[in-house]
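Student: The sequence shown maps to residues 52 to 597 in the working numbering. Sharing a structure below in structure tokens format, with a few things to ask.
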Amino acid sequence: MPSERHAYRGILSRSWILVLVIYSIELWLRLMLRHRLFLTAAFDLGIFSQSLWTTIHSNAVLFNTPEFIELGVWSHLGVHFQPVLFLLAPLYYLYPSPKLLLSLVPLAMFIAGLIFYGLSRSILGDPGYSAYSVLFFVLCPFAWFSDDFHPSVLAVPVILAIVYLSHNLLVKKDYSLKNKFGTVLLSVLLLLTKEDSGIALISIGILFILVTEENRGLLDIVRDVMSFNGFRRFYRAHKVEFMFIILGILSVLIETFVLVPIFNPSGIYPFLSGDIKDVYIDQTMSYYKIVYIVIWLGYFGIPLLRGPRFLIPTLPPLMEIILMGSWPPVITVGSHYAYMLLPISLVSVLYALQFAKRHKAVEILGIMKSSIAVAILVFILVSPPVNLSEYFLVWGAPSYKLSSGWDMWGGYMVILDESLPIFYGADERCALVVQGNMFPRLSNRNTTYVIRTVFGDSYLQNNSIVIVDSVYEGLFNSSMRAIKGRLQKDEYSNVQVIDVRDVVSECSGLDPAETPIRPEESVIRCVTETFKRYIEHCESQLIETP
């Protein structure tokens with residue numbers, strides 16, 4: 052029996068990498084399938100792909116037309132401080148496709164899983180525990196980022212790496228140059244991912260104060276810092292932790308209220324002013340915020356409540372989400388807004404388990420098994436790949452619905468994928484004004500615009516080719532409503548509207564849903580030639596300027 056148990060633990064300790072690979076592949080397949088089904092959008096995949104393309108191929112600095120239409124900004128930096136995008140520009144130059152950006156998400160999460168495994172080994176010791184930790188990581192609904200690509204998701208492995216190196220510095224007392232320099236470099240990199248990323252540094256500082264003071268009660272710590280002399284002693288003992296906290300606070304303030312306004316023509320941070328502020332700050336949707344907390348606590352609660360003090364580091368990112376949660380995507384499971392909450396919650400779980408093992412003489416394997424059992428239940432109910440509960444604030448359709456959607460519509464999507472690139476050959480004076488879900492396919496162009504933005508602004512100019520798709524009825528109707536009145540005016544005489552569904556149906560003689568998964572080349576050529584005629588008509592109407 053002991054030898055069998057040892058063999059089982061040996062298999063378990065090596066299985067984590069397979070689990071992580073399966074998770075990463077499934078996440079990649081979900082993102083690719085959503086993109087191939089035209090379920091990605093101008094906000095935000097199109098924003099980032101066009102920002103990178105214009106930076107590489109023009110004098111612009113992260114310029115994109117959707118944010119220009121909505122906020123009047125000439126750079127994405129006037130909306131969010133994300134200079135990490137400049138590091139992605141060489142990659143996008145080599146492979147200028149939104150698929151590249153989507154592929155970075157599972158790659159980042161795979162790296163995050165590797166780091167989390169290493170951190171678990173360092174904190175908990177036993178490789179079997181670490182295998183359970185990786186399973187806990189991949190089952191977490193918040194780890195299934197499904198809302199296209201956002202640079203902030205790249206911060207997940209960075210946050211975990213900062214914790215790993217800080218653990219070596221502050222807990223293991225390994226003051227090697229690798230740990231010191233690595234912590235500083237990664238902290239700077241983290242602050243380049245988004246203007247609120249300093250909140251993660253605040254949480255890391257709080258976390259390591261609690262870790263290094265684990266032999267003292269919380270009340271003792273509070274009493275210590277309440278007096279002047281006590282606070283001085285406490286500060287001297289925790290200089291690095293306080294540096295994390297101070298740097299985090301300063302970075303949020305400087306990036307939000309100084310750097311973003313520099314790039315914004317209005318001189319303000321757009322999400323704290325005007326109508327957009329009201330959307331984010333208005334304290335409605337309280338019920339759904341509570342549901343979000345219940346899902347989060349339901350998943351992380353069992354291990355965290357074994358060391359309740361480690362709930363504290365999770366509060367800064369959690370409170371940001373709840374305060375901004377009147378905008379539904381913020382409190383949607385599977386959205387990028389959990390990019391700080393996820394890694395901070397995961398590392399807090401590890402330290403809570405260590406705390407329980409040391410101070411409560413608890414066998415943590417039992418806690419882990421209970422946590423995994425609950426994790427499986429939560430995963431089945433509300434994770435993006437499954438969502439058995441059909442809770443509407445889970446991002447994207449379950450994987451089986453995406454697969455069945457491809458079985459029905461795959462041939463139609465292949466035709467569009469093969470034919471739409473013809474528009475890249477159009478004169479740039481012929482603007483492409485497109486439905487939101489078609490924008491990423493045509494974003495590598497200075498004059499591609501989205502018809503209707505997230506907050507309801509719309510765009511149309513003369514010398515335009517309007518491209519819509521009535522297969523996506525809701526998007527089609529909202530897009531056409533946004534521009535219908537203007538189409539009747541004389542100043543839009545050189546505007547053509549293409550419903551690609553009609554074009555494909557005319558060329559194939561079939562309803563799009565009946566298109567074979569491998570469409571005939573003649574159909575693709577017919578659709579491409581039809582699009583080409585629209586381009587030629589627009590170009591023939593252009594007025595030459597000296």
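For each residue, glycine too, the CB sits at the ideal point set by N, CA and C. Note that the coordinates shown come from a computational prediction; the quantities given were computed from them, not determined experimentally.
Less than 8 Å between C-beta atoms, sequence neighbours within five positions excluded: which residues of the same chain meet that for residue 131?
Tutor: For the purposes of this step, residue 131 is taken as the residue at position 80 of the sequence shown. Correct list, in chain order: 245, 246 and 311.
Student: According to DSSP, is residue 263 helix, strand or coil?
Tutor: Locating residue 263 in the sequence shown gives position 212, where the first residue counts as 1. The answer is helix: DSSP assigns residue 263 an H, G or I state.
Student: Quick one: any contact between the region 84-98 and the region 168-183, if contact means 3 or more CB pairs under 8 Å?
Tutor: Not touching, per the Cβ criterion.
Student: Just checking my contact of residue 551 with residue 518 at CB under 8 Å: how many whole Å lie between their CB atoms?
Tutor: Within the sequence shown, the letter at position 500 stands for residue 551. Within the sequence shown, the letter at position 467 stands for residue 518. That belief holds up - the Cβ atoms of residue 551 and residue 518 are roughly 7 Å apart, short of 8 Å.
Student: Looking at the strands, I want to know which residues DSSP matches up with residue 516.
Tutor: Translated into positions along the sequence shown, residue 516 becomes position 465. 483 and 547, per the DSSP bridge assignment.
Student: Just to confirm my understanding: we take residue 66, look at its own chain, exclude 5 residues before and 5 after, and list those with CB closer than 7 Å. What are they?
Tutor: Stepping through the sequence shown from its first residue, residue 66 is reached at position 15. Answer for residue 66: 182, listed in chain order.
Student: Could you check whether residue 196 and residue 185 sit closer than 7 Å to each other, using their CB atoms as the reference points?
Tutor: Taking the first residue of the sequence shown as position 1, residue 185 is located at position 134. Taking the first residue of the sequence shown as position 1, residue 196 is located at position 145. No. Outside cutoff.
Student: Check each candidate in 190, 140 and 117 and name the one with the smallest Cα separation from residue 73.
Tutor: Sequence index remark: in the sequence shown, residue 73 carries index 22 (1-based). Considering only alpha carbons, the answer is 190.
Student: How about residue 112 and residue 126: do their beta carbons lie closer than 7 Å?
Tutor: Working through the sequence shown from its first residue, we reach residue 112 at position 61. Working through the sequence shown from its first residue, we reach residue 126 at position 75. Against a cut-off of 7 Å, the Cβ pair of residue 126 and residue 112 comes out as a contact.
Student: How many angstroms separate the CA atom of residue 501 from the CA atom of residue 257?
Tutor: Within the sequence shown, residue 501 is the residue found at index 450, counting from 1. Within the sequence shown, residue 257 is the residue found at index 206, counting from 1. Looking at the two C-alpha atoms, the distance is approximately 43 Å.
Student: For residue 499, write down the residues that DSSP places opposite it in a beta bridge.
Tutor: For the purposes of this step, residue 499 is taken as residue 448 along the sequence shown, with counting starting at 1. 483.
Student: Could you have a look at residue 386 and say whether DSSP puts it in helix, strand or coil?
Tutor: Locating residue 386 in the sequence shown gives position 335, counting from the first residue. Reduced to three states, the DSSP call for residue 386 is coil.
Student: Could you pull out every residue in the same chain whose Cβ sits closer than 6 Å to the Cβ of residue 548, ignoring the five residues on either side in sequence?
Tutor: As a position in the sequence shown, residue 548 is number 497, starting the count at 1. The residues are 517.
Student: From the DSSP output, in three-state form, read off residue 445 for me.
Tutor: One-based indexing of the sequence shown puts residue 445 at position 394. Strand, per DSSP.
Student: Given a cut-off of 7 Å on the beta-carbon distance, is the pair residue 405 and residue 174 in contact?
Tutor: In the sequence shown, the residue the question calls residue 405 occupies position 354. In the sequence shown, the residue the question calls residue 174 occupies position 123. Yes, these two residues count as a Cβ contact at 7 Å.
Student: Between the alpha carbons of residue 280 and residue 290, how many angstroms are there, rounded?
Tutor: Taking the sequence shown and counting its residues from 1, the one referred to as residue 280 is at position 229. Taking the sequence shown and counting its residues from 1, the one referred to as residue 290 is at position 239. Rounded to whole angstroms, residue 280 to residue 290 spans 15 Å at the Cα level.
Student: Sort out for me which residues DSSP pairs residue 509 with in a bridge.
Tutor: In the sequence shown, the residue the question calls residue 509 occupies position 458. Paired residues: 503.
Student: Suppose the cutoff is 6 Å on Cβ atoms and the five residues either side in sequence are ignored; what does the same chain contact list for residue 212 look like?
Tutor: What you label residue 212 is simply residue 161 of the sequence shown in a count that begins at 1. Excluding residues within five positions, the ones whose Cβ falls inside 6 Å are 166 and 237.
Student: Excluding five sequence neighbours on each side, which residues of the same chain lie with their C-beta closer than 8 Å to the C-beta of residue 376?
Tutor: Position 325 of the sequence shown, counting from 1, holds the residue named residue 376. 336, 339, 340, 343 and 382, listed in sequence order.
Student: Under the assumption that residue 99 contacts residue 152 (Cβ atoms under 8 Å), give the Cβ distance between them as a whole number of angstroms.
Tutor: As a first step, residue 99 is located in the sequence shown; it is residue number 48 there, counting from the start. As a first step, residue 152 is located in the sequence shown; it is residue number 101 there, counting from the start. Yes, they are in contact, since the Cβ atoms of residue 99 and residue 152 sit about 6 Å apart, within 8 Å.
Student: Within the same chain, show all residues whose beta-carbon is closer than 8 Å to that of residue 598, passing over the 5 residues directly before and after it, in chain order.
Tutor: Here the chain covers residues 52 to 597 and nothing more, so residue 598 does not appear.
Student: Taking residue 176 as the reference, which of 415, 119 and 592 has the closest Cα?
Tutor: Residue numbering aside, residue 176 sits at position 125 when the sequence shown is read from its first letter. If we check each option's Cα against that of residue 176, 415 comes out closest.
Student: How far does the alpha helix (DSSP H) with residue 183 in it reach, from first residue to last?
Tutor: As a working note, residue 183 is residue 132 in the sequence shown. Here the alpha helix (DSSP H) through residue 183 covers 178-190.
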